[in-house]
Amino acid sequence: MEHPYLTTRLSLACALLLLAGCAREPEQPRQVDTADATSSAVAEAPTEPQEARAENQPPDAFYTGRWSADAAHCSDPWVITEKDLHTPGEVVCQFNRVNRTPRGAEAEATCTAEGPPQHWTLQFSYAQSARALLIENGPFADVGLVRCGNDTPVSPPAPGTPGGLPDDRTPVSEAPFSSTSAQGAANVLQTYYGLIAAGRYDEAWRLWTQGGEGSGMTADAFAKSFAQYESYNANIGAPGRIEGAAGSLYVSVPVQIYGRRKTGEEVHLLGEATLRRVNDVPGSTPEQRSWHIFRIDVRPSPGHEPHSP
Numbered sequence: 275m276e277h278p279y280l281t282t283r284l285s286l287a288c289a290l291l292l293l294a295g296c297a298r299e300p301e302q303p304r305q306v307d308t309a310d311a312t313s314s315a316v317a318e319a320p321t322e323p324q325e326a327r328a329e330n331q332p333p334d335a336f337y338t339g340r341w342s343a344d345a346a347h348c349s350d351p352w353v354i355t356e357k358d359l360h361t362p363g364e365v366v367c368q369f370n371r372v373n374r375t376p377r378g379a380e381a382e383a384t385c386t387a388e389g390p391p392q393h394w395t396l397q398f399s400y401a402q403s404a405r406a407l408l409i410e411n412g413p414f415a416d417v418g419l420v421r422c423g424n425d426t427p428v429s430p431p432a433p434g435t436p437g438g439l440p441d442d443r444t445p446v447s448e449a450p451f452s453s454t455s456a457q458g459a460a461n462v463l464q465t466y467y468g469l470i471a472a473g474r475y476d477e478a479w480r481l482w483t484q485g486g487e488g489s490g491m492t493a494d495a496f497a498k499s500f501a502q503y504e505s506y507n508a509n510i511g512a513p514g515r516i517e518g519a520a521g522s523l524y525v526s527v528p529v530q531i532y533g534r535r536k537t538g539e540e541v542h543l544l545g546e547a548t549l550r551r552v553n554d555v556p557g558s559t560p561e562q563r564s565w566h567i568f569r570i571d572v573r574p575s576p577g578h579e580p581h582s583p
């Protein structure tokens, strides 16, 4: 299918903090009214041009992923998702609500540490210069963390093996193909996944039917659906035959998706995509006669099904 930041000086200091917790009195639960929260955010916003504020806003769920005080401790990381936070010290916080703030994000959370669950308002901000995430106001010492990357590339299963694309040994023709052919449809799908891998989600969304609405999501929701991934790639198989129905043409293309979530888990999906275009009927527009994604049906690849609880 990325914010006013903390100062470099503060971020570097925070990145050196240890993960050891320290006792702190939890704050008392407070009622937060949506209108009041909005008014507060507006009142606290820096007096800079609106264009600059929009450009510097942190991306949604920028705090998710695997984090540690330094790379040496990434074998036992902090794991933060859009719904919860787990520390190496066995502190668990469930997010009840997350709000955007001028500095980043604020999570109304219920945290369990050494005692019974208690209410905390966690503050998340990110210093781009130090590439550090700062977490404040939790049941642990304020801490600066760096993202734990996984440099091991995810390898998709080979064609003809469980989880792989069909082992089609037919030589690929190097002859030119038209944009309305079956290979033209496969090329649209290849472009779609290339745009997602590059983070160009709005362009990818528009490759669905109905100007993107055929995806069943708004452009914003479509982009957010990829926030959980550290990498997202696809292999495309040979397209099937074009079939017609009710003035439209359809073609199915095998697809194999592989990548990694920000929490570290590998992603392996297998299935097919169906592309559609209007037949060459009088009155149809070039856009209608172009291939668009009608449906994508993928499931966990054999051997990569999620484990039952």
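Number 576 in this note's numbering belongs to position 302 of the sequence shown; there are no gaps in the numbering. Think of the CB as a built atom: it goes at the ideal place given N, C-alpha and C, for glycine as much as any other residue. Since the structure is predicted, the reported quantities are computational estimates derived from the model, not experimental observations.
For T338 and T537, what's the separation of their Cα atoms in angstroms?
8 Å
Excluding the 5 residues preceding and the 5 following G488 in the sequence, name in chain order all residues of the same chain whose CB lies nearer than 6 Å to its CB.
W482
If you follow the beta strand (DSSP E) that V529 is part of, which residue opens it and which one closes it?
S522 to R535
Here's the rule: buried if 16 or more other CB atoms are within 10 angstroms of the residue's CB, otherwise exposed. What is A495?
exposed
In this structure, how does DSSP classify D571 when only helix, strand and coil are distinguished?
Strand, per DSSP.
If A387 and V365 are in contact, beta carbons under 8 Å, what's the gap, nearest whole angstrom?
5 Å
Which of the three DSSP states, helix, strand or coil, is assigned to G438?
Coil, per DSSP.
According to DSSP, is Y467 helix, strand or coil?
helix
Proximity of N509 and L439 at Cβ, strictly below 8 Å:
yes
Skipping 5 residues on each side, what residues in its chain have a beta carbon closer than 6 Å to that of N507?
So the list reads A471, Y532 and G533, once near-sequence residues are dropped.
Straight-line CA distance for R569 to S342?
39 Å
Note down, in chain order, each residue of its chain lying with its Cβ closer than 7 Å to the Cβ of D441, except the 5 sequence neighbours on either side.
P433 and G434
Check whether the Cβ atoms of V420 and A406 sit closer than 8 Å, and answer yes or no.
yes
Look up W255 in the DSSP assignment and give the residues it is bridged to.
With the chain covering only 275 through 583, there is no way to say anything about residue 255.
Below 8 Å between beta carbons: does that hold for G486 and A493?
A contact, by the Cβ cut-off of 8 Å.
Buried or exposed: which applies to G511, given that a residue is buried once 16 or more other Cβ atoms fall within 10 Å of its Cβ?
buried
For A547 versus V527, is the C-beta spacing smaller than 8 Å?
yes
Close beta carbons around G437, own chain, < 8 Å, minus the five adjacent residues each side:
P430, P431, Q530, H542, L544, S575, P576, G577 and H578
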